[in-house]
Amino acid sequence: MHYSHIINELAEDREHYFNAVSPPIVQTSNFVFNDFASLRAAFEDEMSAYLYSRGVNPTVDILRQKLAALDEAEDCLVLNSGASAIFCAVMSNVQAGDHIVSVHKPYTWAWKLFDNILPRYNVSTTYVDGTLIENFEAALQPNTKVIYLESPNTLTFDLQDLAAVAQLAKSRGIVTIIDNSYCSPLFQKPHRFGIDLSLQSATKYIGGHSDTVAGVLTGSKAMIKQIFDREALNTGAFISPFNGWLLLRGLRTLPIRLKHISESTHKVVAFLKNHPAVERVYFPLDPDFPQYELAKKQMTGACGLVTIALKVERYDQIEKFAKTLKHFLLAVSWGGHESLIMPKCAGLHPQEFDAQNPEHHLVRLYIGLEEVDYLIEDLKQALNSL
5 MHYSHIINEL
15 AEDREHYFNA
25 VSPPIVQTSN
35 FVFNDFASLR
45 AAFEDEMSAY
55 LYSRGVNPTV
65 DILRQKLAAL
75 DEAEDCLVLN
85 SGASAIFCAV
95 MSNVQAGDHI
105 VSVHKPYTWA
115 WKLFDNILPR
125 YNVSTTYVDG
135 TLIENFEAAL
145 QPNTKVIYLE
155 SPNTLTFDLQ
165 DLAAVAQLAK
175 SRGIVTIIDN
185 SYCSPLFQKP
195 HRFGIDLSLQ
205 SATKYIGGHS
215 DTVAGVLTGS
225 KAMIKQIFDR
235 EALNTGAFIS
245 PFNGWLLLRG
255 LRTLPIRLKH
265 ISESTHKVVA
275 FLKNHPAVER
285 VYFPLDPDFP
295 QYELAKKQMT
305 GACGLVTIAL
315 KVERYDQIEK
325 FAKTLKHFLL
335 AVSWGGHESL
345 IMPKCAGLHP
355 QEFDAQNPEH
365 HLVRLYIGLE
375 EVDYLIEDLK
385 QALNSL
């Protein structure tokens with residue numbers, strides 16, 4: 005299906021809701037039944053009937069169908085955060101004594117799950133440099149049940165060869181999970197490469213307005229049903245009808261927002277690569293990026309996030325750069341209308357800054373919906389102040 009059909013038409017049975025152009029917010033906690041048999045059927049399979057909005061809800065179901073189709077997946081769950089999607093996907097596929105192989109330095113709430121929670125249940129994790137397939141193979145153990153990916157990651161944009169990892173995992177009966185938040189469903193479709201479960205933070209590009217927190221998880225009907233029945237229902241991790249409606253609204257403009265942001269980001273990258281205060285630019289679709297050919301193979305686009313290494317020696321210089329910017333907000337996340345800056349060293353105390361550590365020089369930028377010349381002039385004056 006063409007994405008225009010998915011976004012604007014799929015699952016929109018308007019004759020069932022008064023021919024309204026926009027789907028209604030079915031803001032109810034509970035649903036009634038006309039007889040014992042239908043209530044009993046809902047008890048037996050809560051995913052197949054509207055019983056209680058902790059599980060399925062008509063507004064969220066429209067969104068689920070659209071997001072599954074965009075990901076080219078059989079089914080989808082929409083949860084209350086990206087962290088919930090990570091938790092449910094991983095927990096559904098491990099038990100006591102199992103082993104996980106993960107890319108090194110995954111998203112914070114992934115590694116906290118791997119390092120702080122799962123060891124309490126005797127589940128161990130080995131971290132690898134995911135840029136080389138042989139690193140995954142070397143890390144596998146007889147009890148490895150999950151390979152966890154994040155391609156690209158959201159700081160230096162390291163990629164994994166998704167087809168190669170999926171082939172390796174399937175040969176050993178291992179489940180593959182990917183965090184696809186950087187690309188969104190428009191710019192990368194992990195299921196095409198054989199990945200079992202794909203998740204993303206819908207807070208970012210799907211929502212698009214910095215007013216909703218949500219997570220998306222897609223995969224086969226069997227895997228999604230297992231997660232629904234166990235981890236998702238038990239944690240009550242589903243999104244509310246109102247937030248589901250906000251994501252439907254955001255989805256309408258996803259292609260045009262990503263097009264504008266992508267075009268702007270390429271222009272910003274070209275500017276940054278030629279500024280003397282910038283040591284290095286990280287962007288996966290820059291021809292100088294080390295994994296550029298793999299990025300072109302797996303991704304149909306890249307946008308928004310770009311990281312620079314500043315030529316500085318002190319913590320206060322990076323702090324000055326951030327403060328001097330007039331139109332970039334100091335904040336985490338990305339995907340909204342506003343441009344953002346997040347220095348890696350902002351999580352450090354000044355005395356912890358190490359000028360010899362390349363990571364301490366990294367500053368992640370998110371290019372929003374503002375006019376690109378407006379943003380470039382702001383970056384120029386801030387970089388010139390260093």
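Letter by letter, the sequence shown follows residues 5 to 390 in this note's numbering.
Note that beta-carbon positions come from the ideal geometry of N, C-alpha and C, so glycine has one too.
Considering only T207, G134, H279, P194, the residue with the shortest C-alpha distance to S85 is T207.
Going by DSSP, C92 is part of no beta strand (DSSP E) but of the alpha helix (DSSP H) stretching over 86 to 95. Taken in chain order, the complete alpha helix (DSSP H) segments of 4 residues or longer contained in the segment 205 to 240 are 225 to 231. Pairing L172 with E141 gives a Cβ-Cβ distance under 9 Å. Going by C-alpha positions, F325 is about 39 Å away from F246. When C-alpha distances from E342 are compared across I322, L369, S389, P110, the shortest belongs to L369. In terms of Cα proximity to T304, the closest of P280, I345, E374, P189 is P189.
Membership of E154 in the beta strand (DSSP E) is indicated by the continuous run 148 to 154. Sorting Q145, H365, E283 by C-alpha distance to the C-alpha of S128 places Q145 at the top.
Looking from the CA of H331, the closest CA among V310, E374, Q360 belongs to E374. In the DSSP annotation of this structure, the continuous segment of the beta strand (DSSP E) that includes E283 starts and ends at 282 to 286. Look at T63 here: in three-state DSSP terms it is helix. With fewer than 16 other Cβ atoms from the protein chains shown falling within 10 Å of its own Cβ, S33 counts as exposed.
Going by C-alpha positions, R18 is about 30 Å away from F40. Look at the beta carbons and you see the segment 333 to 353 not touching the segment 236 to 243: under three pairs across the two are nearer than 8 Å. By a beta-carbon distance limit of 8 Å, N97 contacts V179. Their separation comes to about 5 Å.
In the pairwise beta carbon analysis, the segment 63 to 80 is classified as not touching the segment 94 to 112: fewer than three pairs are separated by under 8 Å. In the displayed model, L252 falls within a helix according to three-state DSSP. If the five residues before and after L352 are omitted, its C-beta is found closer than 8 Å to the C-beta atoms of Y319, H364, all from its own chain and listed in chain order. In the structure shown, R44 falls within a helical segment according to DSSP collapsed to helix, strand and coil. If you draw a 10 Å sphere on the C-beta of L136, you find fewer than 16 other C-beta atoms in it, and that means exposed. Scanning the segment 158 to 183 from its first residue to its last, the whole beta strand (DSSP E) runs of 3-plus residues come out as 179 to 183. When the beta-carbon positions are compared, L163 and Y209 stay at least 9 Å from each other.
The Cβ neighbour count for N23, taken over all protein chains shown within 10 Å, is under 16; the residue is labelled exposed. In the pairwise beta carbon analysis, the segment 50 to 57 is classified as not touching the segment 181 to 199: fewer than three pairs are separated by under 8 Å. Contact between the segment 60 to 75 and the segment 5 to 19 is present, with at least three C-beta pairs closer than 8 Å. As far as DSSP is concerned, S244 takes part in no beta bridge. Beta bridge pairing from DSSP links M346 with R368.
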